[in-house]
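If you count by UniProt numbering, then the sequence shown holds residues 1 to 709, one letter each, in order. Glycine residues also receive a C-beta, built at the ideal position from the N, C-alpha and C atoms. Remember, it's a predicted structure, so these values are computed and weren't measured experimentally.
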Amino acid sequence: MTPDPTHPHASPPAPDGIHYRACNLCEAICGLKITVQGGRVTDVRGDPDDPLSRGHICPKGAALPDLHADPDRLKTPMRRVGDHWEPMEWDAALDHVAAQLRAVREQHGADAVATFQGNPSVHNSGTLLSAGAFLKALGSRSRYTATSIDQLPHHFAGAEMFGHPLLLPIPDVDRTDFFLMMGANPLASNGSIMTAPGIRDRLKAIRARGGRVVLLDPRRTESAEYATDFHHIRPGTDALFLLALLNEVFASSLQRTAHLGGVMTGLDSLKAAAAPFTPEAVEARTGVSAGVTRELARAFAAAPRAAAYGRIGLSIQEFGGLCQWLVNALNAVTGHLDAVGGAMFPAPAFDLLAGAKAGATHHGRHHTRVRGLPEFDGELPNVALAEEILTPGDGQIRALITVAGNPVLSVPDGQALDRALGSLDFMVSIDPYLNETTRHAHVILPPAFGLEVPHYDVIFHHFAVRNTARYSQPVFPIRPDQRFDFQIFDGLVQRLTGRALATPEQRLSAGLTHGRSGLTLDDLKANPHGVDLGPLQPCLPGRLLTATGELHLAPAPMLADLPRLRATLDQPPEPLVLIGRRQLRSNNSWMHNTPRLMRGPDRCTVQLNPADAQGLEHGQTVLIRSRVGEITAPLEITDTVMPGVACLPHGFGHARGGTRLSTAARHAGASLNDLTDPTRIDALTGNAAVNGTPITVHAAEQVGESAAD
């Protein structure tokens, strides 16, 4: 799809030639080589000179020009009048939004104005470096983001063990010889909380040098093809398995703590915590035999260079906080934390920890009004958003600002949130699409994005498997009636406070100048392929930000949560539970409007093991029910999922009316989060426990065609 230069929404043409930039559609931040001829993109391929991605590209990167030219994308403000949308001028729109927010705040208090930031916020440095000032100007504690339905347990463990939510150990995959993965599918995600573009080649390299790649997951994923060992594990039991690994390490005296012995505390407490969880005690619950657990524990501990890694499958369950703590603890006690080939801490050129204070409190400073759920790092669990809107009383949410988010499709019980959004006094969305969430907004303020914006990956260099830095210049100029995201935030802040914001480029320049890399923004602009700062290096104890300057192996909140886990040993597993799945050509809901990425057979299928599909046929439509709702989906019978598990991709559910997503509507699918339950959370962290939702599956007797067909 190419833009029509005569179309009123067409962008100005890009200058002809070769453009280099990082793809900002997922965490892999692959370098791209973009060819422009006649003012339009004619070719996109991986940049072989990018020091991190080394020429890798996935289908999402190739589709960047399609997203740029999407005729459904909004470029100027829109105001909802009844069932219709009318365009607005920017100044009038910003004036109106600021006045409405101010009115709600004055009548009901600052906390009556809530915000929700979606996943794309962290893929755009303009938003990331400007939204914070806008949140501060609002003065509200009602902050929600996609974090608490994703990686919050990682950050909780980082704060408790190392002193800061962004201190997350990253596998040194390019130098490890034993890579233990749990609940991760990097072949589909390109790495997640592990920025590792071209992970297929990186996994193959481990095997080529005689190493092991071990994967445990309820589903035999695409990544299993590149593993030396694969084992099914029941959803939600990963913490039990990790404790059993630690139990075997301690029982066999395999711990190696000399290189961190002077800065680690809690070793004896961790050993005592693991003592009841022998491999035999947990095998019936996890589905992993005691023999396999013992062999893996011994081999991992004995390996000179090894790294354990647990991703979203470990996080979005009822024991996510314990899981991420135990992954870190396993690396630490076996000598594989802060060691070459183990789990290490990147050193980003633009370091968000540069001004961090040691000993800061990161959670539990206030709680939600209805259920009393604790905040973390200034954010409240998003499972509480609908009830905080719908429940009357002091502090009830009356207005909402969404930023690059679609919580109707991403938050548990999306149907309830859908209803809640319709009851708000005022809602504004800073978003380029009229989607399942923004259709409820009174005003949409669409920012420029993608090939139109300058970009630096502020977050993902903190999670990268190699230290690099890269600044991306825009390929396309924006039209006079478009605005960048930081201009939108600046316009609102000026109207609310009278103060102007520094530009993202000014903030980036200052951060680089005060960083340890010695790079300046001019240096990055002069190196369009990026700058290689070398492999990860040991950095402890200097990087720690705990009050004592020590690494805490046994934080008190984690120890206090162990009885809740231990109680599950006596509980029989649910007959059938639901898990999600990631797909390479998708990144949450907003990339379903690109024809190139939606080609091929229906991807929104529910997968069942043959043992759970008796009486059902492959391809038939089935009815899936949970406590909160029901959906229908085509059935895919496969032994890739273990018995007792159903698997459905996330991000679909585009049959709701009132949107402008023409391609997505033709591939509507069903929303996983019309089944997930907001009462199922990780009690330790507040993260949504969407994996492991109990369900039933039945033949759908009669299924009408959706309006999108």
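Check	Outcome
Looking at S148 and A683, is the spacing between their C-beta atoms short of 8 Å?	no
Which whole-angstrom value is the C-beta distance of I695 and S626, which I expect to be below 8 Å?	5 Å
Once you ignore the five residues that flank S121 on each side, which residues in its own chain have a CB closer than 7 Å to its CB?	T127, L128, A131, V403 and A404
For the region 109-123 and the region 642-654, state whether three or more C-beta atom pairs, one from each stretch, are separated by less than 8 Å.	no
Of all the alpha helix (DSSP H) runs that stay within the bounds of the region 46-124, which reach a length of 4 or more residues?	59-62, 64-68 and 90-108
Extract the residue ranges of the beta strand (DSSP E) inside the region 421-484, only unbroken runs of 3 or more that lie entirely within it.	426-430 and 466-469
Where does E636 land, buried or exposed, given buried means 16+ other C-beta within 10 angstroms?	buried
Which full runs of the alpha helix (DSSP H) of 4+ residues lie inside the region 175-234, going along the chain?	186-189 and 199-208
Would you kindly report the start and end of the unbroken beta strand (DSSP E) that includes H650?	Premise fails: H650 is in no beta strand (DSSP E) and is neither H nor E.
What does DSSP give as the partner residues of M344 in its beta bridges?	I170
Pick out whichever of H592, L623 and R656 has its Cα sitting closest to the Cα of D72.	H592
Would you mind stating whether T659 and E436 have Cβ atoms separated by less than 8 Å?	yes
For E89, count neighbouring C-beta atoms within 10 Å of its own C-beta (all shown protein chains included) and say buried if the count is 16 or more, exposed if not.	exposed
On the DSSP bridge assignment, give the partners of D43 in chain order.	T35
The alpha helix (DSSP H) that contains H529, what's its start and end?	From DSSP, H529 is part of no alpha helix (DSSP H); its letter is neither H nor E.
For E106, does the count of other Cβ atoms within 10 angstroms reach 16, so buried, or fall short, so exposed?	exposed
Give the secondary structure of A273 by DSSP, where H, G and I count as helix, E and B as strand, and everything else as coil.	helix
CB-CB under 7 Å to G422, same chain, minus the five flanking residues each way: which ones, in chain order?	H440
Taking L501 as the reference, give the member of L512, A224, L508 and Q487 with the closest Cα.	Q487
Taking only the alpha-carbon atoms, compute the straight-line gap between Q607 and T638 and give it to the nearest angstrom.	6 Å
Measure the alpha-carbon distance for Q255 versus L267 and round it to whole angstroms.	10 Å
Please state the DSSP three-state secondary structure of T402.	strand
Have a look at the DSSP bridge pairing and note the partners of H363.	F376
Looking at P634 and G619, is the spacing between their C-beta atoms short of 8 Å?	yes
In whole angstroms, give me the CA-to-CA distance for L353 and L166.	8 Å
Nearest to H462 by CA position, among P346, V493 and P446, is which residue?	P346
Per DSSP, H698 forms a beta bridge with which residues?	L623
When DSSP labels each residue in this structure, what does L243 get in the three-state scheme?	helix
Please state whether DSSP places E574 in a helix, a strand or coil.	coil
When you compare the CB positions of D338 and L260, do they come within less than 8 Å of one another, or not?	yes
In or out: R365 buried (at least 16 other Cβ within 10 Å) or exposed?	exposed
With H, G and I counted as helix, E and B as strand and the rest as coil, what does DSSP make of T693?	strand
Buried or exposed, going by whether 16 or more other CB atoms sit within 10 Å of the CB of S53?	buried
Taking its Cβ as the centre, do 16 or more other Cβ atoms sit within 10 Å of D43, making it buried, or is it exposed?	exposed
Among E388, G17, D602 and N588, whose alpha-carbon lies nearest the alpha-carbon of H667?	D602
On the three-state DSSP scale, how would you describe P13?	coil
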